[in-house]
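Numbering (this note's numbering), first residue to last: 287 to 993.
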Ligand SMILES: Cc1ncc(C[n+]2csc(CCOP(=O)(O)OP(=O)(O)O)c2C)c(N)n1
Ligand SMILES: [Mg+2]
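Structural data, given as structure tokens:
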């Protein structure tokens with residue numbers, strides 16, 4: 287059946303008398319189209335063309351294939367649907383509305399309200415509407431992920447497919463297929479052009495993720511015009527090269543062909559499937575097949591004409607014809623309900639037979655950590671030589687991973703350097719060993735972030751790691767981790783010019799302030815092994831926050847905590863690590879990471895001259911900001927204006943803590959390639975030059991005391 291020319295009696299009329307297409311299906315599809323047009327028109331902004339074109343694709347998938355229970359949108363074994371071309375969000379808002387998907391609150395409980403009421407569609411893109419300009423996970427129930435930055439959804443979908451493989455390998459038992467869900471993503475030319483999709487597609491092919499289907503909307507149109515302006519790829523060949531099965535549907539309106547092709551994808555073993563679907567953006571409107579249909583309202587006149595073509599009442603707005611809701615209820619609603627009910631029965635039996643595994647799953651689904659999850663986090667003895675925080679970080683990671691079975695992760699080909707391998711018999715996640723907990727992302731940072739998000743969205747506690755400098759290659763994904771409050775832990779080592787000989791290309795400068803600027807992202811830069819342990823503990827404890835651990839390549843002395851402040855102060859973001867001796871401090875040194883020890887050396891040096899200072903370790907700005915005023919004042923007394931921050935990074939932002947009367951010893955240029963001790967000298971990260979800054983700042987403040 288072809289909806290293209292519904293009704294099939296004439297090539298120029300649409301919907302209404304659909305020949306061999308059940309009228310109700312044509313009506314349902316055209317409801318998606320008209321809701322999309324009307325919502326964009328009402329908002330006077332948005333993207334009508336692609337939801338109009340892909341309405342039959344979305345409909346075919348949801349009604350015939352997708353295992354999704356609208357009454358229980360968080361059912362753990364549901365198929366995942368990702369709209370990677372998030373600008374086409376009216377497609378998914380319409381599907382959520384028409385399927386009467388139910389709303390869940392932050393704790394996952396049903397609220398008894400619809401996820402997308404018609405009022406929300408009428409208020410598309412307006413403040414606080416449940417239908418924002420692009421899909422936002424956690425805001426609108428039923429949305430599996432946040433999309434909008436093109437290509438991200440595709441990487442998320444790979445993470446979800448990996449999660450299914452891992453969960454199945456770990457928790458399924460003979461006769462108990464607790465996890466067999468599949469992941470479907472729709473994407474457009476933009477997603478296909480973005481590098482992240484190539485990274486994600488490449489690893490998905492390598493991993494033989496046959497539970498993954500991408501539907502590529504091959505409409506040859508992007509914002510600037512026809513894709514041949516900038517795109518001559520043959521994605522089919524490219525994805526065949528990645529090891530995918532590639533199928534084609536020549537007409538997006540051919541619902542039967544779409545369903546059949548999805549069936550073939552479902553049968554395909556050992557390969558993910560790309561379905562290339564030819565479609566007509568703005569289908570049925572005078573702007574069809576032009577970029578003008580992409581991102582602006584059609585206007586009342588063109589909408590009326592399109593509606594006429596669809597056989598729709600021209601003046602009706604936000605119309606859901608009789609029978610359409612029932613059709614969805616009989617389709618996706620019924621299939622989902624039946625599948626969910628059967629699964630729940632199976633899970634009840636599973637719980638009886640495998641109570642420990644079931645308990646683990648319940649905990650995972652509630653985003654809780656197992657009792658005693660941190661009981662093996664080591665305490666490191668004082669040691670003047672100490673160890674790099676990447677080394678202590680690896681030990682702590684392993685202590686936690688031992689207790690949190692669903693913590694999995696890896697790095698972008700740098701595990702030997704980042705020390706993030708899970709030891710013991712954790713194994714590698716590969717085809718044939720999908721229960722492995724060590725992930726090998728290959729040199730694909732951006733996809734690593736997107737995949738971590740997909741894993742976290744599936745309930746796992748993922749970590750991804752690499753060199754701090756390469757956060758630049760994955761900021762798009764990291765931003766979305768924070769945006770979605772995903773408990774992803776990013777472990778970035780080689781976090782300063784401390785890298786040494788690798789030189790300025792590998793020495794982060796502006797990355798730390800850049801990451802600190804991301805709302806909600808917890809950035810930790812621990813000073814020694816025990817701070818590393820406490821920062822890991824804090825990162826894990828904030829189950830709805832994304833964390834970055836900024837760790838060193840170079841050794842850091844392990845402080846004697848009988849002499850210095852307790853590392854548990856890290857949980858508050860900052861603490862006094864070394865009190866002033868012999869009276870009130872004349873200056874406060876504030877350090878992070880490797881510079882805390884330098885600050886302590888400066889303190890000792892100045893003490894010999896009779897200058898009293900205290901040292902504050904500030905591993906996490908964001909947690910410190912959350913403390914009450916009294917605590918913050920106890921660490922940084924408001925009266926004490928002589929504050930000197932020391933950090934081997936761009937000084938941007940430190941004014942916040944040191945104020946107008948303080949000073950920052952930071953990096954104001956790129957680094958250089960040399961052994962570390964020469965770099966420390968060249969850039970002034972030695973006790974004497976820092977002490978000179980302290981003396982000068984004290985003097986400056988004394989001179990200005992009468993101001
Ligand atoms: C990473 C990223 N870059 C740019 C954009 C802005 N943008 C939104 S849609 C679009 C064109 C996408 O073309 P296509 O995927 O073919 O969508 P279609 O016009 O076919 O709906 C662009 C450039 C974006 N959302 N994300
Ligand atoms: Mg396009």
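C-beta: ideal position from N, C-alpha, C; glycine also.
{"Asked": "Residues near residue 731 in its chain [Cβ-Cβ closer than 7 Å; skip 5 each side]", "Found": "698, 752, 756, 759 and 760"}
{"Asked": "Whole-angstrom distance between residue 613 and residue 314, CA atom to CA atom", "Found": "8 Å"}
{"Asked": "Reference residue 360, options 426, 566, 763 and 504, closest by Cα", "Found": "426"}
{"Asked": "Counted within 10 angstroms of its Cβ, other Cβ atoms place residue 301 as buried (16 or more) or exposed", "Found": "With a pLDDT of 42 at residue 301, under the threshold of 50, the modelled position of this residue cannot be trusted, and the question is left open."}
{"Asked": "Those residues which DSSP pairs with residue 716 across a bridge", "Found": "719"}
{"Asked": "Residue 532 - partner residues in DSSP beta bridges", "Found": "560"}
{"Asked": "For residue 638, the three-state DSSP class (helix, strand or coil)", "Found": "helix"}
{"Asked": "Length of the line joining the Cα atoms of residue 260 and residue 688", "Found": "Lying outside 287 to 993, the shown extent of the chain, residue 260 is not represented and no answer is given."}
{"Asked": "Simplified DSSP state of residue 972, which is helix, strand or coil", "Found": "coil"}
{"Asked": "Distance cut-off 6 Å: residue 561 Cβ against heavy atoms of ligand 1", "Found": "no"}
{"Asked": "Reduced DSSP category for residue 366 - H, G, I as helix; E, B as strand; rest coil", "Found": "strand"}
{"Asked": "Ligand 1 heavy atom lying under 6 Å from the CB of residue 568", "Found": "no"}
{"Asked": "Residue 321 versus residue 648: straight-line alpha-carbon distance, rounded", "Found": "38 Å"}
{"Asked": "Nearest-angstrom Cα separation, counted from residue 872 out to residue 866", "Found": "9 Å"}
{"Asked": "Closer than 6 Å: residue 509 CB and nearest ligand 1 heavy atom", "Found": "yes"}
{"Asked": "Straight-line gap, residue 312 to residue 349 (C-alpha atoms, nearest Å)", "Found": "13 Å"}
{"Asked": "The region 869-883 touching the region 823-835, judged by at least three CB pairs closer than 8 Å", "Found": "no"}
{"Asked": "Sequence ranges, alpha helix (DSSP H) only - wholly within the region 755-839, length at least 4", "Found": "761-769, 797-802 and 815-827"}
{"Asked": "Validate contact between the region 460-480 and the region 364-373 using beta carbons, cut 8 Å, 3 pairs", "Found": "yes"}
{"Asked": "Close-in-space but distant-in-sequence residues of the same chain around residue 646 (CB under 7 Å, 5 per side omitted)", "Found": "691"}
{"Asked": "Distance cut-off 6 Å: residue 599 Cβ against heavy atoms of ligand 1", "Found": "no"}
{"Asked": "Residue burial classification, residue 702 (beta-carbon count within 10 angstroms, cutoff 16)", "Found": "exposed"}
{"Asked": "Rounded C-alpha distance that separates residue 626 from residue 355", "Found": "7 Å"}
{"Asked": "Residue 717 versus 725, 711 and 823, residue with shortest Cα-Cα distance", "Found": "725"}
{"Asked": "Distance CB(residue 560)-CB(residue 517) smaller than 7 Å", "Found": "no"}
{"Asked": "Close beta carbons around residue 372, own chain, < 6 Å, minus the five adjacent residues each side", "Found": "420, 421, 433 and 434"}
{"Asked": "Three or more C-beta pairs below 8 Å linking the region 402-421 and the region 658-665", "Found": "no"}
{"Asked": "Short CB-CB distance (under 7 Å) between residue 683 and chain D", "Found": "The question asks about chain D, but that chain is absent: this structure has only one protein chain."}
{"Asked": "Rounded separation between residue 983 and residue 839 - CA only", "Found": "31 Å"}
{"Asked": "CB of residue 818 within 7 Å of CB of residue 696, strictly", "Found": "no"}
{"Asked": "Limits of the alpha helix (DSSP H) - the one that residue 477 falls within", "Found": "475-479"}
{"Asked": "Beta-carbon gap between residue 774 and residue 742 smaller than 7 Å", "Found": "yes"}
{"Asked": "Selection from 750, 907, 989 and 768 that minimises the alpha carbon distance to residue 729", "Found": "750"}
{"Asked": "Top-ranked residue by Cα proximity to residue 715, from 685, 340, 748 and 705", "Found": "748"}
{"Asked": "When 447, 958, 383 and 905 are compared against residue 610, the one with the closest alpha-carbon", "Found": "383"}
{"Asked": "Where residue 566 sits in the DSSP three-state scheme", "Found": "coil"}
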